[in-house]
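Residue numbers (this note's numbering), protein chains in the order written: chain X, 1 to 428; chain V, 1 to 313.
A short write-up of the structure that comes next.
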Amino acid sequence: MTMISRRSALLGAAGLATLGLSACGRGNDTGSQPTGPGSAVSEGKATGEVTVWAMGAEGEKLGDLVEKFTAANPEVKVTVTAVPWDAAHDKFTSAIAAGTTPDAAMVGTTWMGEFVDLDALDPTPADLIDKTVFFPGAWQTTEVKGTSYAVPWYVETRLLFVRTDLASKAGFTEAKDWDQLSALAKAMQQKAGAKWGISLQPGQEGSWQQVMPFAWSNGATITDEAVTAFTFDSPEMSEAWAYYQSFFTDGVADKAPAVQSTADADFANGSVPMFFSGPWMMSAVEKVGGSGFADKYDVWPMPTRKTATSFVGGSNFGVFKAAKNRDAAWKLVQFLVDPATQVEWYGMSSDLPAVTASWQDPKLTADKRVAAFGQQLEAALAPPAISTWDQVSAKFDSLVEKVCKSGLAPAEAVKTLQQEATSIGMGQ
Amino acid sequence: MTSTTVTGTRAGPRRAEKPRTGQLRRAEHRAAWVLVIPFCLLFLVFTLWPVLQSMFMSFTDTRARDLRTPFSVNVIGFANYAKALSDPVFLRAAANTAAFVLFGVPLTLAAALASAVALDKGITRLRGLFRLGFYTPVITSIVAVAVVWRFLLQPDSGLVNTVLGAIGLPEPNWLGDPYTALPALVAMAVWRNFGTGMIIFLAGLQSVPAALQEAAAIDGAGAWRRFWAITFPLLRPTLLFVAVTTTIGYLQFFEEPFVMTKGGPLNSTISVSMATYQQFGFGNYGLAGAMSYLIFVVIAIVTALQFRLIRER
């Protein structure tokens, strides 16, 4: 009995091994061939059933917006599933692997490269979507190797939040360029009683979003034009990192801030009167600051170097290749990026429109701070959509941390980053 | 069964019985298989297969995009293992994990044993309350614990630094300084985990025969001597169990840095499990699988060593 079972176990193991080995080896690469724009979408109203996933607050509110679409297309039924942000990436990747994706979904801008790499997204049909109506930086996030696979749905960009009351105490009414920003941050500490002149992220996840605007403004790039090689090791990049580092070496920015950001509270009590962030921080600081605080601060554009370029984030909306109802899904996407829908969505969610025409609407021009975000969006960039960006940006963050905290030379840091990024590659 | 070749037509009691037992046995076999098969299937599909596949994965260049076609990948031998062992982040993580285990395990065992002895002998009033108090951190969600500990360790207004300041000691930025972040996490882990060991030690202490203690007391042994000469040796199996489970847990430590520091500052608190988690997140499944098996090997070796050192002779 034992003999037999042992033998059969061995046979089984050997069988498994040969099964494994004989089936191994990669087939022909299918993903690297260039893809044209998506095929045309049928005329007429949308019909059938469309399943949609969306994350976070957007996921909860999207259902209400979609009612307008179903009212105009009575024969379509749209099911919106809200997915929590922290579970979203795993849910998408496993759905892609299992072929159970929804027809359309909100797609994080930094996921584009990966999802296209997984061959999951349907190229944007050029007959349906006109790329010129979007902010160029936002449109760029939908493109992988020159082909667009989604549309920008909503956007956000980063501006300088300033306590204007303290800035005027320090003798400033603007921070036009890099020198002025440095001088203002120092004056905030010396003349306006601030503990730290400005809050900048000394490394840790996402710090690249604060460093890259300086680098872009200085003419540096992440990759070459054709997105074939990284270009971190440039004098422009190194100079931008050195500028970022100077805030820490001069003692103007905190090298070891709390893990959980207290930026809103520190801003309200004046201990850290400047930081870079997106539109959501307006309501956050006003809530912490209480009544009357809205008059004490403003949002200023990125300081100019060669340009005044900020970071553009937000989310895209795409249709999956495995969609059962592709045409209706694209029609829904078309509805979502209609200028009027975008304005309405702003009213529901405070998400900023990705379509430039929507910014003419009085709802968006009324608040001059919101309008300032709209202006900055004209000059805002995002990293190219490459599938390994998460990994490259993690290296970026850890090197920024070394530059800010332990005084690593910026020139050396960007050189190391170039090597590490190149060895990680761009996927595929 | 096969040896019973029936010849002739004589019907005897022996011959009549034989096939019946054979049938019975066969029926029993069948029943046994029917009962065992569900477990076997579940074990094969959900335990053995994932283990085999993940091991296979660690020898290939599997990435996230290969999930749909798990076998059309290239076998690259030990390249992932070599890559893991030459990755500075992974090596830093290994050093951090080693430090965490070397300091954390003895401290946890000492705290657990001390509190168990105190509850067994010293504390008589409100014993239940103390027992509950010491065990509460074990069953409290790490997320809630993290929030409280972040408050405690805050550089300006945290309780720890307020106390240190009041008695004139330096006030470090615990989680912000690469030299104090890991010790802070060790302290937090000890606080969070010694309750489990305490409960097990308490059970062990209560099984130490009172007669032995009395005999030793009559022979004039003091409490200290009685503890080291009688109680402690009798606790050896308990100690082994607590040491092994605590060490395995600490070798895989993940939650504390994940919620408190995200591995920072400057990778001073990143653990091997966290480094592995990051690689899984990046989609480098092959490399992450190799890292997991490296942890597994280390756990196996360390556990074997502990069995050798602490087991009863």
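Quick reminder that beta carbons are idealized off the backbone N, C-alpha and C, glycines included.
Remember, it's a predicted structure, so these values are computed and weren't measured experimentally.
Am I right that residue i and residue j are in contact with their C-beta atoms under 8 Å? What's the rounded C-beta distance?
i                         : j                       : result
alanine 192 of chain X    : alanine 220 of chain X  : Between alanine 220 of chain X and alanine 192 of chain X the Cβ distance is about 32 Å, and since that is not below 8 Å, they are no contact.
valine 160 of chain V     : arginine 192 of chain V : 16 Å between Cβ atoms; not a contact.
tryptophan 300 of chain X : valine 252 of chain X   : The pair is not a contact, with the Cβ atoms about 17 Å apart (cut-off 8 Å).
methionine 302 of chain X : serine 217 of chain X   : 6 Å
glycine 99 of chain X     : alanine 322 of chain X  : 5 Å
threonine 269 of chain V  : leucine 182 of chain V  : 5 Å
proline 125 of chain X    : alanine 40 of chain X   : 6 Å
tyrosine 154 of chain X   : proline 353 of chain X  : 7 Å
Keeping to the same chain, check which residues put their C-beta closer than 6 Å to that of residue i; ignore five residues upstream and five downstream.
i                        : result
threonine 30 of chain X  : Summary for threonine 30 of chain X: the model assigns pLDDT 46, below 50, so the residue's position carries little reliability; its value from the coordinates is reported in the next sentence. For threonine 30 of chain X, where only same-chain residues beyond five positions count, there are no Cβ hits under 6 Å.
valine 288 of chain X    : Asp264, Ala265 and Ala268
alanine 95 of chain X    : Thr101
lysine 446 of chain X    : Not covered by the structure: residue 446 of chain X. The range shown for chain X is 1 to 428.
tyrosine 135 of chain V  : Gly195
threonine 62 of chain V  : Val73, Tyr285 and Gly286
glutamine 334 of chain X : Leu128
lysine 131 of chain X    : Trp139
lysine 331 of chain X    : Ala46
serine 207 of chain X    : Gln201, Asp397 and Val400
glutamine 209 of chain X : Phe311
aspartate 66 of chain V  : Val73
Flag residue i as yes if its beta-carbon sits less than 7 Å from any beta-carbon of chain X, otherwise no.
i                            : result
phenylalanine 369 of chain V : Since the first residue shown for chain V is 1 and the last is 313, residue 369 of chain V is missing from the structure and cannot be characterised.
phenylalanine 253 of chain V : no
arginine 10 of chain V       : Low local confidence applies: a pLDDT of 49 at arginine 10 of chain V is under 50, so the model's placement there is unreliable, and no value is given.
arginine 25 of chain V       : no
arginine 65 of chain V       : yes
asparagine 173 of chain V    : yes
arginine 192 of chain V      : no
glycine 176 of chain V       : yes
phenylalanine 59 of chain V  : no
arginine 92 of chain V       : no
glycine 264 of chain V       : yes
alanine 30 of chain V        : Just to set this straight, residue 30 of chain V is arginine in the shown sequence, not alanine. No - not a single Cβ of chain X is within 7 Å of the one on arginine 30 of chain V.
phenylalanine 282 of chain V : yes
Using the Cβ count rule (16 or more neighbours within 10 Å means buried), how would you classify residue i?
i                           : result
cysteine 40 of chain V      : exposed
proline 123 of chain X      : buried
glutamate 225 of chain X    : exposed
phenylalanine 92 of chain X : buried
isoleucine 424 of chain X   : buried
methionine 348 of chain X   : exposed
lysine 368 of chain X       : exposed
alanine 88 of chain X       : buried
arginine 163 of chain X     : buried
glutamate 60 of chain X     : exposed
glutamine 429 of chain X    : A question about residue 429 of chain X goes unanswered here, because the residues of chain X that appear run from 1 up to 428.
Return no unless some Cβ of chain V is closer than 7 Å to the Cβ of residue i.
i                        : result
glutamine 189 of chain X : no
lysine 405 of chain X    : yes
aspartate 117 of chain X : yes
aspartate 390 of chain X : yes
glutamine 204 of chain X : yes
alanine 256 of chain X   : yes
alanine 97 of chain X    : yes
glutamate 412 of chain X : no
glutamate 401 of chain X : yes
For residue i, which residues from the same chain have a beta carbon less than 8 Å from its beta carbon, with the 5 sequence-adjacent residues on both sides left out?
i                            : result
valine 105 of chain V        : Ala243, Thr246, Thr247 and Tyr250
aspartate 120 of chain V     : Leu202, Leu205 and Gln206
methionine 274 of chain V    : Ala93, Phe254, Pro257, Phe258 and Gly263
lysine 402 of chain X        : Gly203, Leu408 and Ala413
serine 3 of chain V          : Interpretation of serine 3 of chain V is limited by its pLDDT of 46, a score under 50 that renders its predicted location unreliable; no figure is taken from the coordinates.
proline 233 of chain V       : none
phenylalanine 227 of chain V : Val117
Among residues of its own chain, excluding the 5 on either side of residue i, which ones have a beta-carbon nearer than 7 Å to its beta-carbon?
i                            : result
tryptophan 389 of chain X    : Thr110, Gly113 and Pro383
phenylalanine 247 of chain X : Ala185, Ile198, Leu200 and Ala253
methionine 57 of chain V     : Tyr285, Gly286 and Gly289
alanine 328 of chain X       : Ala46, Thr47, Gly48, Val50 and Val76
proline 213 of chain X       : Arg158, Met302, Thr309, Ser310 and Phe311
arginine 311 of chain V      : Leu240
*Let me know the alpha helix (DSSP H) ranges lying completely inside the stretch 108 to 144 of chain X, each 4 residues or longer, listed in chain order.*
112 to 117 and 136 to 140
_Ordered list of alpha helix (DSSP H) runs contained in the stretch 250 to 288 of chain V, each at least 4 residues_ = Secondary structure within the stretch 250 to 288 of chain V: the alpha helix (DSSP H) runs of 4 or more consecutive residues, fully enclosed, are 255 to 260 and 272 to 282 (chain order).
_Complete runs of the beta strand (DSSP E) confined to the stretch 250 to 329 of chain X [at least 3 residues]_ = 274 to 277, 297 to 300 and 310 to 319
*Tell me the start and end of each unbroken beta strand (DSSP E) in the stretch 45 to 89 of chain X that is at least 3 residues and wholly inside, in chain order.*
48 to 55 and 76 to 83
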